[in-house]
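Here the sequence shown stands for residues 13 to 589, numbered as in the numbering used here.
First up is the structure itself, then whatever we jot down about it.
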Amino acid sequence: MSEFTVGDTDFLLDGRPVRLLSGALHYFRVHEAQWGHRLRMLRAMGLNCVETYVPWNRHEPRPGGFRDVAALGRFLDAAAEAGLWAIVRPGPYICAEWENGGLPHWVPGRARTRDGRFVAAVEAWFARLLPQVVSRQIDRGGPVVLVQVENEYGSYGSDARYLAGLAELLRALGVTVPLFTSDGPEDHMLTGGSVPGVLATVNFGSHAREAFRTLRAHRPDGPLMCMEFWCGWFDHWGAEHVVRDPADAAKALREVLGCGASVNLYMAHGGTSFAGWAGANRGGELHDGPLEPDVTSYDYDAPVDEAGRPTPKFWAFREVLAEYAGGPLPEPPPPPAPLAGGGEAVLTAWAPLEAVLEACGGPEVSGPVPPTFEELDVDRGLVRYEVTVPGPRRPYPLTVRGLRDLAVVYVDGERAGVLTEEEPRLREPVAGHARVELWVESLGRVNYGPRCGEAKGITGGILHERQYLHDVRARGLRLDDLEEVSAVPFGAPDGSGARGLYRGTVTVRGAGDALLELPGWTRGFVWLNGFNLGRYWSAGPQRALFVPGPVLVEGENEIRVLELEGASGRAPVLRSV
Ligand code: GLA
Numbered sequence: 013m014s015e016f017t018v019g020d021t022d023f024l025l026d027g028r029p030v031r032l033l034s035g036a037l038h039y040f041r042v043h044e045a046q047w048g049h050r051l052r053m054l055r056a057m058g059l060n061c062v063e064t065y066v067p068w069n070r071h072e073p074r075p076g077g078f079r080d081v082a083a084l085g086r087f088l089d090a091a092a093e094a095g096l097w098a099i100v101r102p103g104p105y106i107c108a109e110w111e112n113g114g115l116p117h118w119v120p121g122r123a124r125t126r127d128g129r130f131v132a133a134v135e136a137w138f139a140r141l142l143p144q145v146v147s148r149q150i151d152r153g154g155p156v157v158l159v160q161v162e163n164e165y166g167s168y169g170s171d172a173r174y175l176a177g178l179a180e181l182l183r184a185l186g187v188t189v190p191l192f193t194s195d196g197p198e199d200h201m202l203t204g205g206s207v208p209g210v211l212a213t214v215n216f217g218s219h220a221r222e223a224f225r226t227l228r229a230h231r232p233d234g235p236l237m238c239m240e241f242w243c244g245w246f247d248h249w250g251a252e253h254v255v256r257d258p259a260d261a262a263k264a265l266r267e268v269l270g271c272g273a274s275v276n277l278y279m280a281h282g283g284t285s286f287a288g289w290a291g292a293n294r295g296g297e298l299h300d301g302p303l304e305p306d307v308t309s310y311d312y313d314a315p316v317d318e319a320g321r322p323t324p325k326f327w328a329f330r331e332v333l334a335e336y337a338g339g340p341l342p343e344p345p346p347p348p349a350p351l352a353g354g355g356e357a358v359l360t361a362w363a364p365l366e367a368v369l370e371a372c373g374g375p376e377v378s379g380p381v382p383p384t385f386e387e388l389d390v391d392r393g394l395v396r397y398e399v400t401v402p403g404p405r406r407p408y409p410l411t412v413r414g415l416r417d418l419a420v421v422y423v424d425g426e427r428a429g430v431l432t433e434e435e436p437r438l439r440e441p442v443a444g445h446a447r448v449e450l451w452v453e454s455l456g457r458v459n460y461g462p463r464c465g466e467a468k469g470i471t472g473g474i475l476h477e478r479q480y481l482h483d484v485r486a487r488g489l490r491l492d493d494l495e496e497v498s499a500v501p502f503g504a505p506d507g508s509g510a511r512g513l514y515r516g517t518v519t520v521r522g523a524g525d526a527l528l529e530l531p532g533w534t535r536g537f538v539w540l541n542g543f544n545l546g547r548y549w550s551a552g553p554q555r556a557l558f559v560p561g562p563v564l565v566e567g568e569n570e571i572r573v574l575e576l577e578g579a580s581g582r583a584p585v586l587r588s589v
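So, in structure tokens, the structure goes:
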């Protein structure tokens, strides 16, 4: 058994100074059968530690309804097996370009404050989660050396009592390894985000000396650590693909290590936000502007790419890290087998979206105002709102107030346009009497800034001219309810590429890592053998979805595509990575 402690200038392992060379890898963004490979890649890059967040919303989709909480423990065991220490960042808020920053859509009370309703939900969750961590701490023979309190809290709030209470809770639940906070290297963030007596660390992508100087002004001693060294970045739908030059990143890493600091590469391997779990930002200086939904890939331009292969950044970092390694570094393991032979999918069945909603959706709710996604208990998915424009009356503009995020609109069964936050008014005025359907999609809940936790759906109302339309019916379709589709009345596709759920097969030879392309399709989700690969969207910049090899089987595989707008009718294509 070893003891890991925080010394005056260093981390100490049984009293000896050690430096943490860590890399972020989120177990929930990598297929479990590929954890071992990715962890060995981290080891081969020269890292001695892995860091992961824990997404509360994925593990507790409904209050008290827990899902595979043991996954964290299995991942920590895999880390130990790969010869890595581990840092756990359990949240409850994690940011991470993850839906709602990891907070369940149902959290009660004012999130991330001492509000008793919120804290009670966190206590129940942590009581369930923490045993996975506690039993695997280094003083019990496990790999866990550090546990984080909250996440960049100083970028959000200043409720010191909430933060201190969270640290106490972690201690009460049996955390014996050092706790820490992490924040941007700014005075207001460090004052708002750190806890007296708890190690403070900083997050940045460059200018290490300056960042640590700021940290030192707040904390004269304690080991220096960059808890998130941003060596790449993520993409938004409809925006440019972001990259960071490997040589520039390696130079910045050298500066961090040259300061005598420990580091956590964010991300060492990003993986994929499968199953529609990608979050969203709000643009603008105060992060209160337009919605910027995150793409499905979380490749992050990381040293180990989305398919697990070493990039030029991997080799550049390895060279830097090798200087700090105790001995020679292991060679990278061979990459997982790529798909040997793929090809076009054959889509033989189709059901219109209405029929899918009928078969798999929640109950219909009606009332004078549109319910939000939260009120309908829809986390990821869509809601059909139906409203009647009374008549007779002449045509007037139809406007949605507080639309989040996007609505495909039908008037008397005819497609009338797509509304967004920026353009929430139909082009053509609508005359009464008319039946209006608004199929509203969430493009991912905001995971950062003051608007984290905001509701999805129609959060204001539906206006005809200036008049609220008060007779609203609504029905939700959760993505998770599409895991099982035996009740959907499939027929033959008519070749028009109409929106709806498509089903068919794709035949492969030599099952292995692959990419799925959807040429001519607009926006939706794809399942392969029941595994949700995530959102696709012709807006780009992402053009193909990563398919982990373990999802595929030799021969015929079942594919399902939920297209939400309409496609050109061309077949999806599976090809090797
Ligand atoms: C912050 C958060 C991380 C992540 C990065 C950006 O530092 O703490 O969770 O969102 O930004 O990738």
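From the three backbone atoms N, C-alpha and C, an ideal C-beta is built for every residue, glycine too.
Looking only at its chain, what residues have a beta carbon closer than 8 Å to the beta carbon of P235, apart from the 5 residues adjacent to it on each side?
V18, G19, T21, D22, F23, L211, A273, S274
Can you tell me whether C372 is helix, strand or coil according to DSSP?
Here C372 carries a helix assignment [DSSP, helix/strand/coil].
Counting C-beta neighbours from all protein chains within 10 Å, is the total for H38 16 or more, i.e. buried, or is it exposed?
buried
On the three-pair Cβ rule with 8 Å, is the stretch 458–474 touching the stretch 353–361?
no
For G479, count neighbouring C-beta atoms within 10 Å of its own C-beta (all shown protein chains included) and say buried if the count is 16 or more, exposed if not.
For the sequence presented, residue 479 should be read as Gln rather than Gly. So Q479 counts as exposed.
Report the option in H299, P462, A262 whose CA atom is closest to the CA atom of R330.
A262
Going by beta-carbon coordinates alone, are G488 and D417 separated by less than 8 Å?
Not in contact: G488 and D417 (Cβ atoms no closer than 8 Å).
Roughly how many whole angstroms lie between the Cα atoms of A132 and W327?
46 Å
Where do the ends of the beta strand (DSSP E) carrying R60 lie?
One detail in the question is off: residue 60 reads as Asn in this sequence, not Arg. In the DSSP annotation of this structure, N60 is not part of any beta strand (DSSP E), being labelled neither H nor E.
Heavy atom of the ligand GLA less than 7 Å from the Cβ of A108, yes or no?
Checking every heavy atom of the ligand GLA against the Cβ of A108, one is found closer than 7 Å.
Which runs of the alpha helix (DSSP H) spanning at least 4 residues fall entirely within the stretch 215–258, listed in chain order?
220–230
Using C-beta distances below 7 Å, list every residue in its chain close to L494, excluding the 5 sequence neighbours before and after it, in chain order.
Only C372, L574 meet the Cβ criterion.
What are the boundary residues of the alpha helix (DSSP H) that includes V131?
128–146
Which two residues bound the contiguous alpha helix (DSSP H) that contains N69?
68–71
Rounded to the nearest angstrom, how far is the Cβ of G113 from that of Y105, given a contact under 8 Å?
5 Å
Taking buried to mean at least 16 other C-beta atoms within 10 Å of its own C-beta, is E318 buried or exposed?
buried
Which of the three DSSP states, helix, strand or coil, is assigned to P492?
Correcting the residue identity first, residue 492 is Asp in this sequence and not Pro. It is helical.
Mind checking whether the beta-carbon of N215 lies closer than 7 Å to any heavy atom of the ligand GLA?
Result yes, Cβ under 7 Å from the ligand GLA.
Near T517, which residues of its chain fall below 8 Å by C-beta distance, leaving aside the five closest residues on each side in sequence?
A357, V358, T360, E568, N569, E570, I571
Since T188 sits in a beta bridge, which residues does DSSP pair it with?
Note: T188 sits in no beta bridge, so no partner.
Candidates T384, P340, W289, R587: which alpha carbon is nearest D492's?
Relative to the Cα of D492, the nearest Cα in the group T384, P340, W289, R587 belongs to W289.
Q149 and T188 - do their beta-carbons sit closer together than 8 Å?
yes
Do L333 and G166 have their CB atoms nearer than 8 Å?
no
Which residue marks the beginning of the beta strand (DSSP E) containing E398, and which one marks its end?
393–408
To which residues does DSSP link G546 through a beta bridge?
V538
Check the DSSP bridge columns for S194 and list the partner residues they point to.
T213
Does F326 come out as helix, strand or coil in the three-state DSSP assignment?
helix
Applying the 10 Å Cβ sphere with the 16-neighbour rule, what's the burial state of T203?
exposed
State the Cα-Cα distance for the pair R392 and R124, rounded to the nearest angstrom.
Distance between the alpha carbons of R392 and R124: 22 Å.
Does the Cβ-Cβ distance between G282 and A314 come in under 8 Å?
yes
Compute the beta-carbon to beta-carbon distance between V452 and L394, rounded to the nearest angstrom, for a pair I have assumed lies under 8 Å.
6 Å
Name the one or two DSSP bridge partners that Y480 has.
Assignment of beta-bridge partners to Y480 by DSSP yields L475.
Please tell me whether, using a cut-off of 7 Å, the distance from the CB of Y460 to the nearest non-hydrogen atom of the ligand GLA is below it.
yes
Could you tell me which of G169, L415, E304 sits nearest to W249, measuring between CA atoms?
E304
Check whether the stretch 335–351 and the stretch 524–532 touch, using three or more Cβ-Cβ pairs below 8 Å as the test.
yes
CB of N276 to nearest heavy atom of the ligand GLA: below 7 Å?
no
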